[in-house]
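Last residue of the sequence shown? That's 753 in our numbering, and every number before it is there in order.
No residue lacks a Cβ here, since even glycine has one placed at the ideal position from N, Cα and C.
Bear in mind that the values here come from a model prediction, so they are computed numbers and not experimental data.
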Amino acid sequence: MCGIVGYIGDRDSTPIILNGLKRLEYRGYDSAGVAVLDNGSIEIRRDAGKLSHLEALVNDTPLHGKIGIGHTRWATHGEPNIRNAHPHIGSTGEFVVVHNGIVENYLELREELVAEGTVFKSETDTETIVHLVEKFYASGSNLEEAVRQTLSHIRGAHGIVVMSSREPDKIVAARVGNAGGVVIGLGKGENFVASDLPAILEHTRKAIFLESHQMAVITKDDVRLMDIKGTPIAFTVQKIAWDPVAAEKGEYRHFMQKEIHEQVRSLTDTLAGRVDFDKGRVVLHELKLDVERAKKIKRIIITACGTAGHAGMVGKILLERIARIPTEVAIASEFRYADPLLDEDTVVLAISQSGETADTLAAMEEGRSKGAMLWSNVNAIGSQAMRIADGCISMQVGPEIGVASTKAFTAPLLDMYLLAVYLADLSGTISPEKRFELVSDLAGIPSLVGQCLDREPDVLRLAQKFKNMNHMLYLGRGINMPIAYEGALKLKEISYIHAEGYPAGEMKHGPIALIDRNMPVVALAPKDPWYDKMISQIEQAMARGGEVIAVATDGDTLIPDLTDNIFWVPETPWMLSPVITSIPLQLFAYHIASLLGLDVDQPRNLAKSVTVE
Ligand code: AGP
141 MCGIVGYIGD
151 RDSTPIILNG
161 LKRLEYRGYD
171 SAGVAVLDNG
181 SIEIRRDAGK
191 LSHLEALVND
201 TPLHGKIGIG
211 HTRWATHGEP
221 NIRNAHPHIG
231 STGEFVVVHN
241 GIVENYLELR
251 EELVAEGTVF
261 KSETDTETIV
271 HLVEKFYASG
281 SNLEEAVRQT
291 LSHIRGAHGI
301 VVMSSREPDK
311 IVAARVGNAG
321 GVVIGLGKGE
331 NFVASDLPAI
341 LEHTRKAIFL
351 ESHQMAVITK
361 DDVRLMDIKG
371 TPIAFTVQKI
381 AWDPVAAEKG
391 EYRHFMQKEI
401 HEQVRSLTDT
411 LAGRVDFDKG
421 RVVLHELKLD
431 VERAKKIKRI
441 IITACGTAGH
451 AGMVGKILLE
461 RIARIPTEVA
471 IASEFRYADP
481 LLDEDTVVLA
491 ISQSGETADT
501 LAAMEEGRSK
511 GAMLWSNVNA
521 IGSQAMRIAD
531 GCISMQVGPE
541 IGVASTKAFT
551 APLLDMYLLA
561 VYLADLSGTI
571 SPEKRFELVS
581 DLAGIPSLVG
591 QCLDREPDVL
601 RLAQKFKNMN
611 HMLYLGRGIN
621 MPIAYEGALK
631 LKEISYIHAE
641 GYPAGEMKHG
651 PIALIDRNMP
661 VVALAPKDPW
671 YDKMISQIEQ
681 AMARGGEVIA
691 VATDGDTLIP
701 DLTDNIFWVP
711 ETPWMLSPVI
721 TSIPLQLFAY
731 HIASLLGLDV
741 DQPRNLAKSV
751 TVE
């Protein structure tokens with residue numbers, strides 16, 4: 141996960157920036173860098189690897205200045221090496237930028253800039269930003285305007301911080317979408333900027349959080365906010381308690397809400413370093429797999445509990461459709477006692493956020509004792525499920541604190557997709573054209589998630605309408621059936637409202653008897669191969685007097701004729717649609733629980749890590 145820290149004031153900025161970056165170190169690193177303005181010119185130090193490498197470099201060749209910006213990177217475009225590390229400097233050496241997010245149209249922009257004579261020094265998408273700022277500045281704009289013009293040319297979600305020796309008294313920061321936050325810390329005669337509050341908390345308790353489509357011009361004595369069209373914005377300064385846990389919550393009321401909003405970033409990080417969009421390939425080094433071993437795999441058994449099990453159900457469909465490997469999903473608490481038939485050509489794949497769930501670990505042991513290959517897809521680094529596996533795909537979501545799992549649900553959905561493409565490629569069961577298509581479909585996912593998050597006010601409205609219900613039925617088919625299960629689980633665990641997830645085609649075999657106006661039906665009906673079937677299910681539910689809440693794809697013309705209660709989601713390739721349809725259901729559960737005044741992050745009777753049987 142990328143981190144940003146910036147400083148402007150009378151102190152030496154380098155140690156402040158390095159300390160701030162250290163606060164974000166738990167997120168992991170593949171390179172880091174710092175740029176300061178020293179006597180009118182920009183000095184940069186960057187290095188690959190952990191922050192300690194950069195610290196050693198700065199010790200050997202110190203740099204000093206009262207204004208500076210720094211960054212830690214998880215590679216998205218280009219290898220994790222020095223050349224691709226941030227900050228990125230323009231051709232004249234007068235502009236420098238650090239960035240979180242992905243410039244989705246960077247290839248096109250890069251081509252245009254190269255045609256105009258720009259020489260690129262890195263393979264990153266970020267470098268296009270600094271060249272654009274430089275170009276607009278050269279055509280007469282000031283720094284603030286040049287950043288604004290740049291934002292109007294780049295697509296995707298971004299957190300950006302820019303500094304220039306041409307205007308050495310300021311830092312310009314901007315946030316578009318949800319590629320991580322931008323927070324400004326206010327000091328006396330000094331100000332700070334960061335992607336995350338903990339990075340600057342040792343210096344100030346006063347913070348301003350940028351919303352999407354906002355910019356800030358930060359000098360040592362002043363901060364101005366404007367939208368990205370340049371209209372000034374009044375802001376409120378938030379006082380942050382010295383409670384590190386509360387501080388971690390930043391602008392959000394609950395960890396769950398924060399974690400829901402972190403998904404643009406966590407999904408970007410999930411793709412980082414594993415997907416080569418230019419070559420249309422996925423590589424999962426951590427699995428330590430080669431062609432020979434991959435070809436031996438005859439069967440995969442995904443084992444997990446709760447939310448992780450729902451991710452496994454989506455994984456089954458992806459592994460079978462893409463890699464053509466027979467796959468089953470086994471609830472870990474059952475599998476451990478099932479005396480399963482396993483052999484060395486079978487993979488037992490455990491999915492677990494904590495990596496410490498007792499049932500999941502026991503299921504893995506069962507796999508081990510019967511000679512199966514053991515893989516895990518785990519978030520908590522160093523956990524048991526990570527350690528005992530022969531190969532691991534680590535989730536790239538950072539700590540998940542809310543008991544109701546959100547970002548550690550969507551990450552394994554992408555992990556399973558990556559695994560399926562990787563296995564299909566190694567074992568030769570996919571054409572290069574199909575592989576390119578599947579890989580390129582991944583590129584837009586973080587920003588589609590961002591679009592769903594931007595629609596939170598619509599979800600809140602429906603949460604207000606349905607918050608006093610006692611029961612809800614969630615229906616889905618095909619790849620979105622597990623999302624019905626997951627949506628229902630989210631609602632019941634934090635709001636204590638009884639909710640059932642059901643395969644929609646099964647409704648007529650029993651649950652239809654329950655439907656009346658006190659039993660709303662949440663119907664997942666995006667434009668996927670099961671869409672027509674879902675429309676009939678919605679009609680059946682409505683014919684019984686049920687109130688339907690539909691998850692529908694933008695532009696759908698049938699569903700608005702059936703119901704007014706719609707969570708609109710952007711169009712998505714169907715195999716990736718569960719990542720997108722999950723978002724409104726997470727927000728729906730969150731807002732209902734929050735409106736009911738419940739303890740969202742620590743719901744009754746539950747634990748984050750279930751280490752008992
Ligand atoms: C998720 O919201 C639940 N709290 C729960 O179902 C959880 O997913 C399950 O206990 C498995 O946990 P794990 O991913 O840490 O193994």
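Put Q354 into one of helix, strand or coil per three-state DSSP. Q354 falls in the strand class under three-state DSSP.
Taking 7 Å as the cut-off, does the CB of C532 come closer than this to any heavy atom belonging to ligand 1? No, ligand 1 has no heavy atom inside 7 Å of this Cβ.
Using a threshold of 7 Å, is the CB atom of S580 nearer than that to any non-hydrogen atom of ligand 1? It does not: the Cβ of S580 is nowhere closer than 7 Å to a heavy atom of ligand 1.
Does the distance between the C-beta of S734 and the nearest non-hydrogen atom of ligand 1 fall short of 7 Å? Flag unset: Cβ of S734 not near ligand 1.
Near K632, what residues of its chain come up, given a Cβ to Cβ distance below 7 Å and the 5 sequence neighbours on each side ignored? Result list for K632: H638 and A639, in chain order.
In whole angstroms, give me the CA-to-CA distance for T359 and M303. Roughly 11 Å between the two C-alpha positions.
Are there any heavy atoms of ligand 1 lying less than 7 Å away from the beta-carbon of A544, as far as the coordinates show? Because some heavy atom of ligand 1 lies under 7 Å away, the Cβ of A544 counts as near it: yes.
Of all the beta strand (DSSP E) runs that stay within the bounds of the stretch 570-634, which reach a length of 3 or more residues? Here the runs fully enclosed are 611-616.
Is the Cβ-Cβ distance between H211 and G241 less than 8 Å? No, these two residues do not count as a Cβ contact at 8 Å.
R744: buried (16+ other C-beta within 10 angstroms of its C-beta) or exposed? By the 16-neighbour rule on beta-carbons within 10 angstroms, R744 is exposed.
In this structure, what does DSSP give as the bridge partners for T443? Note: T443 sits in a beta bridge opposite A470 and A490.
Candidates R464, A463 and K510, of which the one nearest P480 by Cα: The shortest Cα separation from P480 among R464, A463 and K510 belongs to K510.
Would you identify the three-state DSSP class for M141, choosing helix, strand or coil? Low confidence applies here, because M141 scores a pLDDT of 49, under 50, leaving its location unreliable; read the following figure in that light. Of the three classes helix, strand and coil, the one that applies to M141 here is coil, per DSSP.
Outcome for D739 when other beta-carbon atoms lying within 10 angstroms are tallied against a minimum of 16: Around the Cβ of D739, a 10 Å sphere holds fewer than 16 other Cβ atoms; the residue is exposed.
Cα-Cα separation, M513 to V357: Near 55 Å, if we compare the C-alpha coordinates of V357 and M513.
Anticipated Cβ contact below 8 Å, I182 with S292, distance rounded: Not quite, the Cβ-Cβ distance comes to about 25 Å (not below 8 Å), so this is no contact.
For H239 and V688, the rounded distance between their alpha carbons: Distance from the CA of V688 to the CA of H239, rounded to the nearest whole angstrom, comes to 42 Å.
Of the choices H298, V312 and K261, whose alpha-carbon is the least far from that of E285? Nearest option by C-alpha distance: V312.
Going by other Cβ atoms of all chains shown within 10 Å of its Cβ, with 16 needed for buried, is Q604 buried or exposed? With fewer than 16 other Cβ atoms within 10 Å, it is exposed.
Taking 8 Å as the threshold, find out whether the stretch 590-602 comes into contact with the stretch 614-622 through three or more Cβ pairs. Taking one beta carbon from each stretch, the stretch 590-602 and the stretch 614-622 have fewer than 3 pairs nearer than 8 Å; the two do not touch.
Residues near D530 by beta carbon distance below 6 Å, same chain, minus five either side: Here the set comprises M513 and L514.
When you compare the stretch 706-726 with the stretch 572-587, are there three or more beta-carbon pairs, one atom per stretch, that lie closer than 8 Å? Segment contact: the stretch 706-726 against the stretch 572-587, three or more CB-CB distances shorter than 8 Å; contact assigned.
With A663 as the anchor, note down where its beta strand (DSSP E) starts and where it stops. Going by DSSP, A663 is part of the beta strand (DSSP E) stretching over V661 to A665.
In angstroms, rounded to a whole number, what distance separates the CA positions of H394 and S676? If you draw a straight line from the Cα of H394 to the Cα of S676, it comes to about 38 Å.
Straight-line Cα distance separating D485 from I157: Approximately 50 Å, taken between the alpha carbons.
Quick one: grab the DSSP three-state call for A747. Three-state DSSP puts A747 in coil, outside helix and strand.
Would I457 pass as a contact of I437 if the rule is Cβ separation under 8 Å? Not in contact: I457 and I437 (Cβ atoms no closer than 8 Å).
So within the stretch 152-197, which uninterrupted beta strand (DSSP E) runs reach at least 3 residues, ignoring any that extend past its ends? You should have 171-178 and 181-188.
Excluding sequence positions up to five away, which residues of its chain have a Cβ less than 7 Å from the Cβ of E540? So the list reads E399, Q493, N519, K547 and A548, once near-sequence residues are dropped.
Taking the C-alpha atoms as reference points, what is the distance between G590 and A564? Going from the Cα of G590 to the Cα of A564 covers about 29 Å.
Is it the case that the stretch 261-280 contacts the stretch 224-240, given that we only count it when at least three CB pairs across the two stretches are under 8 Å? The stretch 224-240 is in contact with the stretch 261-280.
Closest to N620 by C-alpha separation, out of N608, D581, D668 and S281, would be which residue? Nearest to N620 by C-alpha distance, out of N608, D581, D668 and S281, is D668.
Whose C-beta lies closer than 6 Å to the C-beta of E505 among residues of the same chain, with five residues either side of it excluded? There are no such residues.
Output yes or no for whether 8 Å exceeds the beta carbon distance between P718 and V488. The answer is no: Cβ separation not under 8 Å.
Quick one: is L746 buried, meaning 16 or more other Cβ sit within 10 Å of its Cβ, or exposed? Taking all protein chains shown into account, L746 has fewer than 16 neighbouring C-beta atoms within 10 Å of its C-beta and is therefore exposed.
Top-ranked residue by Cα proximity to I207, from A412, T371 and V176: Taking each of A412, T371 and V176 in turn and checking the Cα distance to I207, the smallest one comes out for V176.
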